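Report on the structure given below.
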Amino acid sequence: QLATQLAESVRDAAMMTLQRAQLQEFGAAKEALEAEVWELRTALAAAATAMAAAESAVDESEALREELAAEAEAFEASVSRAVAAKEEEWRAAEEGIEERISERMLAREASAADALAF
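So for the sequence shown, my numbering puts the first residue at 8; every next one is plus one.
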């Protein structure tokens, strides 16, 4: 009976040693998983920061594009007004030249008519 109790004690001690080893393995596995989770959370935070920066850059780019489009429209309108003003200036100058030519021709015709009348 003492031998049986001794055998049971040895078996119990072996079981406890095995359970301690398993607990240590589980503890190490838990620490490894926690480290991996921490790395993943860090990577996720970095990705979120990068995404926010990218979205900000997109917003800035869209704002710049809109600003440039507005500037281009304003420039086009300015050029159109300048061209219209120049065309009006040229039309007025052309009318003035045509009027002077007509006046000179009428004056020459009148002068020629006067010369013929004598």
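Even for Gly, the Cβ is constructed at its ideal location relative to N, Cα and C. Being a predicted model, the structure only gives us computed values, none of them experimental.
*Mapping DSSP to helix, strand and coil, what is residue 8?*
coil
*Distance, Cα to Cα, residue 29 vs residue 36?*
10 angstroms
*Among residues of its own chain, excluding the 5 on either side of residue 89, which ones have a beta-carbon nearer than 7 angstroms to its beta-carbon?*
none
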